[in-house]
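*Asks:* Each residue of the sequence shown is one higher than the last, beginning at 815 in my numbering. Mind having a look at this structure? Questions to follow.
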Amino acid sequence: MKQHYILIFLTLFSYSIYGQNVSGVVSDENNEVLSGVTVVLKGTSIGTITDFDGKYELKAAIGDKLIFSYVGYNTIEKTVEGTTLNVTMKPGVSLQEITLIGSRNPARTALNSLSPVDVIDVSELTTVSPQVNLNQILNYVAPSFNSNTQTIADGTDHIDPASLRGLGPDQVLVLINGKRRHSSSLVNVNGSFGKGSVGTDLNAIPTAAIKRIEVLRDGAAAQYGSDAIAGVINIVLENATDELKINVTTGANFSKNANEQTGGVDGATTNINANYGVKLGSKGGYINFTGDFDYRDSYNRMKEWEGDIFNNYNTIERFALNDGYDLSKLLDDDVSDVINYGNQAGFNLDPNATKAELRTILSGNNTEAELASRNLSRSDFNMRVGQSEVRGGRFFTNLVMPLDDHGSEFYAFGGLSSRKGSSVGFFRLPRESRTYTPMYINGFLPEINSKISDQSLAVGIRGEIGDWNIDFSNTYGKNRFDYTIGNTSNASMQNASPSSFDAGGFSFAQNTVNLDLNNFYDDIFAGLNVAFGAEYRLENYEIFAGQESSYSRYTAKGDVITMVDQIPAEDFFGNARPGGSQVFPGFSPKNELNRDRNSVAGYIDLEADITDSFLLSFASRFENYSDFGSTINFKVASLLKVNSNLNLRLAGNTGFRAPSLHQLYFNSTSTVFDATGVAQEVGTFTNDSRAAQLLGIPQLKEEKSRSVSLGLTVKIPDANMNITLDGYFVGIDDRVVYTGQFKGPGTDSELDRLLYQANATAAAFFANAIDTESKGIDLVITQKSDIGTNMVLRNDLSATFSKTKKVGPIKASRVLEDAGLVKTYFQEDSRIYLEEAVPRTKINLSNTLSSGNFNVFLRNVYFGKVTEATSNVNLQQVFSSKVVTDLSVGYKLSETFLVTLGANNLFDIYPDLAKKSITWTDANGVTQTGNNRSTGRFDWSRSAQQFGVAGRFLFARLSLTLK
């Protein structure tokens, strides 16, 4: 120990001989001082940040080079020529900014990163961009990021699934300030992209709280752990002080297809956010607050229902209702009242007709006559195809408190968010057994109302012990979904049914403890960064039941059905009425659970500048899960600096993703409509259930991946241009999917009885069913030009070209093979969701022109073709590529006020319409016709998402900045 201190003393003493204190002030082009600028002695980990007066001081020798970097400004390099060095920084996000992900070297920039990293200036985008929520901002900026608002997908309508490089929502890891973010409690089991996966709710994070976003487009499980197969998104929170920023944005869709395709204005949106920071002490401490509120109105793109609505029995109901008769009495076995009102309606029924005979006669379609008699139109029976209604608020804070004069500091960040969403399901028509017409004479449109709450808090302390930088932290997060189902009924309860139900919900919580250490040795090779650490993570998943009537099925006498031989209430035609709240049956006590697990991990991360022109890194991570065992993964990456303007990089890694607790334990019964609009009650069973054993469904295990990426970065100084080009390959074994729907044989088998007890007609599971391969190319070009004396044009081009495909056979059990159910285990529509339901190609060209008080923002985004996700290969319509244009103009009224007007989708572009008729010849040579429109419900695809169906969105924004 004594020798250790002597070595430190001699090192510091020798440096003091050759170095000197260099100080200065960093300011912007308006001579305003900049606090928080990172100043690093090039080639070392020695550095500091400017204080609140823009001042810095560090030890450096004559001839040394200092690197100055700050978000929103171009990084610059200056040579030390004396004891004073003042610097002026110019605005503009640069690929040379120091990043927090992809490398644990504290001085690594995006341009010199060993893996591709996008640095996105969110503060600028929230000023000029039409988008206000984080998912949509990234969808229009990051080349390989995809996210779209879903429709008619239950809870997924309120949380937009997002992906990176065409992989699943749960194969990208999200960090905040470098710390793992918890995932959503929602697992996507309805018909949408990301089916069967669990993502992170990015919209719970207010954009005004974000300073920048770093997107690592490379596998990083060996560095950061589970989920980082496709890459990592790191959100860096705002740390500004003594500056109040307020943004008020309002807008709506001004579109030819607004208001059920009649044109006009709909989908109004308002967002109000504020950010303010306060200095803490005189050593660079701060606390930054963000508050955010938004409201998003729903919109509908369905024109009109084209199918049958009323039958002859509904006509009898109308006559009885007009006579003041109790409609429930029409359902009993005494049919004299039915015959009486039937004859009043002109049906000329035999007075001695039996109920069986009446059923045949009264089942006939009578839609047009009833529409006229009831003064209704077909559009009165529309469902809502489009955006759900959402109202929410968010609060975030970010704090740093220095503890001494040696860089030790306490930090904390976190937030609260609450959102209420309202979406709808399929319209329940009066002719259906799902509709209890004495309660809803004209049918009803059931509502799924969700309350989504989210809490997070991270606390930590970082500093130096000897030569080592140490960071010890604890990060907690919880997401909860509560469902209230409104404007609905439990059809089997008949008159006793309420119209609103507490359907229960679920929650997911995660607590992560991290210890991270790193040290930079400038005397080993041309520099060696050594990092290692450990992590302990605890996860909890809970399902809680709703009220009894939300999940139970009842007999005609009102008894809860618990036995197979009990008969549920029936409609006039003898059809059994389904139980549970229509559109979303509640969770029952049998579904309730409280499960947890823990994992322990350790990693080592070495990054060496072998020479000034060759960098090499190696990372390895061991992780043990309490529920499925251990895994160890590796990553090797290198960077060759061919010259000062050209870098080549190569990386290879293995990875894994542990199946989520949601996938392991989620179980429920939900109403699922197939491609033709036929409803089924589908039970999701766990893999340790008896139903899974009967079908040979195995236990879940982890996904394993391997990936390789090769790329280059180019600087063209004369053109002020930076280029990055990266190609990649990702192979994933044992990928978890959500299976198709297995039905019982209908012979009172054990599986039939299990389905009946679950109020279900079919069963689905999560399973390691397939292997996949993804490959692609990402291109990013940034360029800036000075035009004249006070005009700057910045051009950004980003593009991704990707392809994901299933490889090898479906990994079905012998039981499924013998039963001929392999194609149900992994259905054809699931393949489309995986491979073709989101664009494989996306190109983004953004141009920003700034001149004095004016700024103009123009963006064109090319969305590649997508395919309808249906299991009928003859109906797999391909929707062509489209270009969406955004335009905004901002004017600075004063130093305080900025007004921005603009448009998303300026030219009101829509995806291709679903074809009204598709013709093909079947295996027997017979001509068949069909479509994917579900009898008028979906004029645009529900399953294949490019950029949504909102149409043109016009907005106005007022930005207030007070210093």
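We put the beta carbon where it would ideally sit given N, CA and C, even for glycine.
Could you have a look at F1320 and say whether DSSP puts it in helix, strand or coil?
*Replies:* Looking at F1320 - three-state DSSP - the assignment turns out to be strand.
*Asks:* So, for I1043: in the same chain, excluding its five sequence neighbours on each side, which residues have a beta-carbon less than 8 Å away from its beta-carbon?
*Replies:* Taken in chain order, the residues that qualify are L981, Q985, V986, G1033, A1035, G1469, F1470, R1471, E1517, S1519, S1521, V1544, I1546.
*Asks:* Closest to K1411 by C-alpha separation, out of V1378, F1322, I1446, would be which residue?
*Replies:* Correcting the residue type first, residue 1411 is Arg in the shown sequence and not Lys. Per the Cα distances, F1322.
*Asks:* Would the region 1622-1632 count as touching the region 1683-1699 if we require 3 or more Cβ pairs under 8 Å?
*Replies:* They do not touch, by the three-pair rule.
*Asks:* Report yes if the C-beta distance between Q1037 and Y1417 is below 8 Å; otherwise report no.
*Replies:* Contact: yes.
*Asks:* Using the beta-carbon count (16 or more within 10 Å), is D1219 buried or exposed?
*Replies:* Its Cβ having fewer than 16 others within 10 Å, D1219 is exposed.
*Asks:* Within a Cβ cutoff of 7 Å, which residues of the same chain sit near R1766, ignoring the five residues on either side of it in sequence?
*Replies:* Within the same chain, R1766 has close Cβ partners N1067, F1068, S1069, A1717, N1719, L1720, D1722.
*Asks:* Pairing CB atoms from the region 1110-1122 with CB atoms from the region 1133-1148, are three or more of them under 8 Å?
*Replies:* No, the region 1110-1122 is not in contact with the region 1133-1148.
*Asks:* Would you tell me roughly how many angstroms separate the C-alpha atoms of A1506 and S1011, rounded to the nearest one?
*Replies:* Each residue's Cα considered, the two are about 19 Å apart.
*Asks:* Pull up the distance between the alpha-carbon of D1585 and that of S1431, whole angstroms please.
*Replies:* Their backbone Cα atoms lie some 29 Å apart in a straight line.
*Asks:* Buried or exposed: T1714, going by 16 or more other Cβ atoms within 10 Å of its Cβ?
*Replies:* By the neighbour-count rule (16 or more Cβ atoms within 10 Å), T1714 is buried.
*Asks:* Who does Q1742 pair with in a DSSP beta bridge?
*Replies:* Bridge partners of Q1742: W1734.
*Asks:* Since I believe L939 is in contact with M1786 (beta carbons under 8 Å), could you give me their beta-carbon distance rounded to a whole number of angstroms?
*Replies:* There is no way to answer for residue 1786, as the model of the chain reaches only from 815 to 1777.
*Asks:* Answer with buried or exposed for W1734, where buried requires no fewer than 16 other C-beta atoms within 10 angstroms of its C-beta.
*Replies:* Its Cβ having fewer than 16 others within 10 Å, W1734 is exposed.
*Asks:* Pair every Cβ in the region 1180-1189 with every Cβ in the region 1087-1100, then say whether three or more of these pairs are closer than 8 Å.
*Replies:* No, they do not touch.
*Asks:* Tell me whether G1156 sits in a helix, a strand or coil according to DSSP, three-state version.
*Replies:* Reduced to three states, the DSSP call for G1156 is helix.
*Asks:* For V1001, which of helix, strand or coil comes out of DSSP?
*Replies:* Three-state result, V1001: coil.
*Asks:* Give me the DSSP bridge partner(s) of T1174.
*Replies:* In the DSSP output, where bridge partners are listed per residue, T1174 has none listed.
*Asks:* What residue range does the alpha helix (DSSP H) around V1606 cover?
*Replies:* Taken as a continuous stretch (DSSP letters only), V1606 belongs to no alpha helix (DSSP H), being part of the beta strand (DSSP E) at 1605-1621.
*Asks:* At which residues does the alpha helix (DSSP H) containing Y954 begin and terminate?
*Replies:* Taken as a continuous stretch (DSSP letters only), the alpha helix (DSSP H) holding Y954 covers 948-955.
*Asks:* Which word fits M1307, buried or exposed, when buried means at least 16 other C-beta atoms lie within 10 angstroms of its C-beta?
*Replies:* Buried: at least 16 other Cβ atoms inside 10 Å.
*Asks:* Taking only three categories from DSSP, how would you classify K1637?
*Replies:* It is helical.
*Asks:* Evaluate the contact criterion for the region 1397-1404 versus the region 1260-1275: three or more CB pairs, one atom per stretch, below 8 Å.
*Replies:* Contact holds: three or more Cβ-Cβ distances are below 8 Å.
*Asks:* Report the option in K879, S929, L1352 whose CA atom is closest to the CA atom of L1464.
*Replies:* Of K879, S929, L1352, the residue nearest in Cα terms is S929.
*Asks:* Can you tell which of G1525, R1549, T1741, V1680 has the C-alpha that lies nearest to the C-alpha of A788?
*Replies:* Lying outside 815 to 1777, the shown extent of the chain, residue 788 is not represented and no answer is given.
*Asks:* At 3 residues or longer, and completely inside the region 1070-1131: list those beta strand (DSSP E) runs for me, N to C.
*Replies:* List check, beta strand (DSSP E) in window: 1078-1094, 1099-1110.
*Asks:* Is the beta carbon of G1558 less than 8 Å from the beta carbon of Q1641?
*Replies:* No.
*Asks:* Should I1338 go down as buried or exposed, given a rule of 16 or more other Cβ atoms within 10 Å for buried?
*Replies:* So I1338 counts as exposed.
*Asks:* Hey, quick one: how far does the beta strand (DSSP E) through I1027 stretch, first residue to last?
*Replies:* Counting along the chain, the beta strand (DSSP E) containing I1027 begins and ends at 1024-1030.
*Asks:* DSSP three-state label for P1531, please.
*Replies:* In the structure shown, P1531 sits in a helix (DSSP, three-state: H, G or I).
*Asks:* Just to confirm the assignment, what range does the alpha helix (DSSP H) spanning S937 have?
*Replies:* Per DSSP, S937 belongs to the alpha helix (DSSP H) from 936-942.
*Asks:* Using the Cα positions of P920 and E1362, report the straight-line distance between them to the nearest angstrom.
*Replies:* Residue placement at P920 cannot be trusted, given a pLDDT of 49 that sits under 50; what the coordinates show is reported in the next sentence. Using only the alpha carbons, I get a separation of about 56 Å.
*Asks:* How would you write the range of the alpha helix (DSSP H) that A1505 sits in, first residue to last?
*Replies:* Counting along the chain, the alpha helix (DSSP H) containing A1505 begins and ends at 1504-1509.
*Asks:* Can you give me the Cβ contacts of S1474 inside the same chain, cut-off strictly under 6 Å, excluding the 5 residues immediately before and after it?
*Replies:* Counting only Cβ-Cβ distances below 6 Å, and skipping sequence neighbours, we find V1012.
*Asks:* For the region 1177-1220, which segments carrying the beta strand (DSSP E) assignment without a break, of at least 3 residues, lie completely within its bounds, in sequence order?
*Replies:* Complete beta strand (DSSP E) runs here, min 3: 1203-1216.
*Asks:* If I measure Cβ to Cβ from R1110 and keep anything under 6 Å in the same chain, skipping five residues before and after, which residues do I get?
*Replies:* Result list for R1110: T1083, V1204, in chain order.
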